[in-house]
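Participant: I have a structure here, written as structure tokens, and I will follow up with some questions on it.
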Amino acid sequence: KAIDWQAGARDPSAASSPAVSTPAAAGPAGGVPMLDDDVLDCFKCPITCEMFVDPVCASDGYTYERADIELYMSSQKINQRPFTSPMDSDTILSTNMYTNMKMKAAVAAYKDGLLVIGNESRN
1 KAIDWQAGAR DPSAASSPAV STPAAAGPAG GVPMLDDDVL DCFKCPITCE MFVDPVCASD
61 GYTYERADIE LYMSSQKINQ RPFTSPMDSD TILSTNMYTN MKMKAAVAAY KDGLLVIGNE
121 SRN
């Protein structure tokens, strides 16, 4: 997938049809596949706009998909740029990250249809 690091979104020319979230392509309880548009924004990486699989909290306080933020930081290192937040362009003082366990659990519950949103569940 082509990624526009400045805009923080997937390149629209990279796909002509709606992308199916992975690995939850089968949808909750094996039902209808979940399209990216069906996923709450809070469960999406702000870099790629895809559902979290391995969410990590970076030193800027935001949560990202591990592979995406590592790729982003790697590209900044290769280009000899200071590490900056993809969200607000502030300098990141540390490249340390840790797994966001609460987000990981919330995404798992959402995928399983166990998370109640408003007055309705996903099942």
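Residues 1 to 123 in the numbering used here are what the sequence shown spells out, letter by letter.
Don't be surprised by glycine CBs; every beta carbon is placed ideally from N, CA and C.
Only a predicted model underlies this, so the values are computations on that prediction, with no experimental measurement involved.
With a threshold of 16 other CB atoms inside 10 Å of the CB of alanine 58, please say whether the residue is buried or exposed.
Facilitator: With 16 or more other Cβ atoms within 10 Å, it is buried.
Participant: Could you tell me which residues DSSP pairs with methionine 103 in its beta bridges?
Facilitator: DSSP output for methionine 103 lists no bridge partner at all.
Participant: To the nearest angstrom, how far is it from the Cα of leucine 114 to the Cα of phenylalanine 43?
Facilitator: C-alpha separation (whole angstroms): 14 Å.
Participant: Distance check for threonine 91 and serine 85, CA to CA, integer angstroms please.
Facilitator: C-alpha separation (whole angstroms): 6 Å.
Participant: Measure the Cβ-Cβ separation of lysine 104 and proline 55 and say whether it is below 7 Å.
Facilitator: Against a cut-off of 7 Å, the Cβ pair of proline 55 and lysine 104 comes out as a contact.
Participant: Between Phe52, Gly61, Cys49, which has its C-alpha nearest aspartate 88's C-alpha?
Facilitator: It is Gly61 whose Cα lies nearest to the Cα of aspartate 88.
Participant: DSSP has methionine 51 in a bridge; who is on the other side?
Facilitator: Per DSSP, Lys44.
Participant: Can you tell me whether methionine 97 is helix, strand or coil according to DSSP?
Facilitator: If DSSP states are grouped into helix, strand and coil, methionine 97 belongs with the strands.
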